[in-house]
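Engineer: Numbering (this note's numbering), first residue to last: 28 to 444. All C-beta atoms in this analysis are idealised placements derived from N, C-alpha and C, irrespective of residue type, glycine included. All of these numbers come straight from a predicted model, not from anything done at the bench.
(1) Would you mind sorting residue 217 into buried or exposed? The rule is 16 or more other CB atoms within 10 Å of its CB.
(2) Straight-line CA distance for residue 228 to residue 363?
(3) Starting from residue 234 and walking both ways along the beta strand (DSSP E), at which residues does that stretch end?
(4) Please tell me whether residue 344 and residue 29 are closer than 7 Å, where the distance is taken between their beta carbons.
(5) Using only the alpha-carbon positions, how far apart do residue 165 and residue 157 sit?
(6) Secondary structure at residue 382, three-state DSSP: helix, strand or coil?
(7) What separation, rounded to the nearest whole angstrom, lies between the Cα atoms of residue 403 and residue 141?
(8) Smallest Cα separation from residue 149: which of 135, 139, 143 and 162?
(9) Determine the direct distance from the alpha carbon of residue 193 to that of residue 318, and round the result to whole angstroms.
(10) Take the Cβ of residue 155 as the centre, count every other Cβ of all protein chains shown within 10 Å, and call the residue buried at 16 or more, exposed below.
(11) Taking only three categories from DSSP, how would you classify residue 100?
(12) Alpha carbon to alpha carbon, how far is residue 188 from residue 139? Give it in angstroms, no decimals.
(13) CB-CB under 7 Å to residue 178, same chain, minus the five flanking residues each way: which ones, in chain order?
(14) How big is the Cα-Cα spacing for residue 475 and residue 109?
(15) Measure the alpha-carbon distance for residue 353 versus residue 97 and round it to whole angstroms.
(16) Would DSSP call residue 69 helix, strand or coil?
(17) Taking buried to mean at least 16 other C-beta atoms within 10 Å of its own C-beta, is residue 323 buried or exposed?
(18) Could you give the uninterrupted runs of the alpha helix (DSSP H) lying entirely in the stretch 259-318, keeping only those of 4 residues or more?
(19) Once you ignore the five residues that flank residue 333 on each side, which residues in its own chain have a CB closer than 6 Å to its CB?
(20) Compute the distance between the beta-carbons of residue 88 and residue 69, then report whether it is under 7 Å.
(21) Is it buried or exposed for residue 115, if we count other Cβ within 10 angstroms and need 16 for buried?
(22) Quick one: which unbroken alpha helix (DSSP H) runs of 4-plus residues sit fully inside the stretch 97-181? Chain order, please.
(23) Given this structure, state the Cα-to-Cα distance separating residue 232 from residue 337, to the nearest angstrom.
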């Protein structure tokens, strides 16, 4: 029997999701000095005890845009759009689009514009955020930038090894994975899927399908998915925000998979191949049988999003599993009513470096973009009005709220006289 959420529950989940969007708006770095290049950046995380923050990097901004475009599309509140477009200027600065540099054209640097590295998994999330902004604004520059990243991946894709891993600029060089931690790397193809849904260009299809096949090569017989296809290739992985939980071979299992389900479901939509859908149903059933755990704190959000999207594509109903855990694993770690606008609305729990962030303390002392984006995506889905946007095979869905503008933001005004 299908789980039917009451209008009251849906409204409650939407309110919590919008508080997460408010956190991105309120914690966005505001101008203090005009020369501070951090102006307008979203956060990587915020350390509550000492009111310290680390500015976000390329993927942090992509995830902020996922949440803000969902919020704007639902509410039409211009605060969300204004915050998103201000943050997008930072991504623009990371992506120079200088045609002189034909090898790396389209790459998005990791942290600062003058950096000598672009990691493509992280950059794909920034590109996907730009594509979501294009969906709600119609601004061609956002599409141009998201597509430029994807076209760069297409240019350097290799049939034997798949998508490239990262680029360096001085000199220009494309690099391919030199270690076997491979599966989350395939989530780069999420950006290709979102671009395909806008442009319909067939060059993306074989790469998306190839990425899905590489993901499935790491799936266990019980439905879980390992971080690498051959777990004997390296020693057991240490605990972090992706893997390392449990004992023995379970330490190779992905807990936070960075959205790989979107790639496999995209391959199913593109090909109709049952193996893609069947594998994801098995993954959802494994998740519901074995998860969630307390750590990593961010994992329940992406697990819930996976389960809900797989169910929607497969015509199943897994909502009850999400609801069984939503209070303890999601809402209990949302920061509310502290009086600190840099914290309220965001979700706590930093796992990337083990038990805390760079300022010390404990994991739950940190309000984190990674956790906030995942949890907001879950809550938007449960509200019945949102999708999780960039981390969903459905993107922003069909009902798009387009911002109405009097002029094109990227065209200089005509000079008179």
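Structural biologist: Answer, in terms of the structure:
(1) buried
(2) 44 Å
(3) Taken as a continuous stretch (DSSP letters only), residue 234 belongs to no beta strand (DSSP E), being part of the alpha helix (DSSP H) at 232-243.
(4) yes
(5) 11 Å
(6) coil
(7) 32 Å
(8) 135
(9) 32 Å
(10) buried
(11) helix
(12) 29 Å
(13) 133
(14) Since the first and last residues shown for the chain are 28 and 444, residue 475 lies out of range.
(15) 20 Å
(16) coil
(17) buried
(18) 287-298 and 301-317
(19) 288
(20) yes
(21) buried
(22) 105-121 and 147-164
(23) 20 Å
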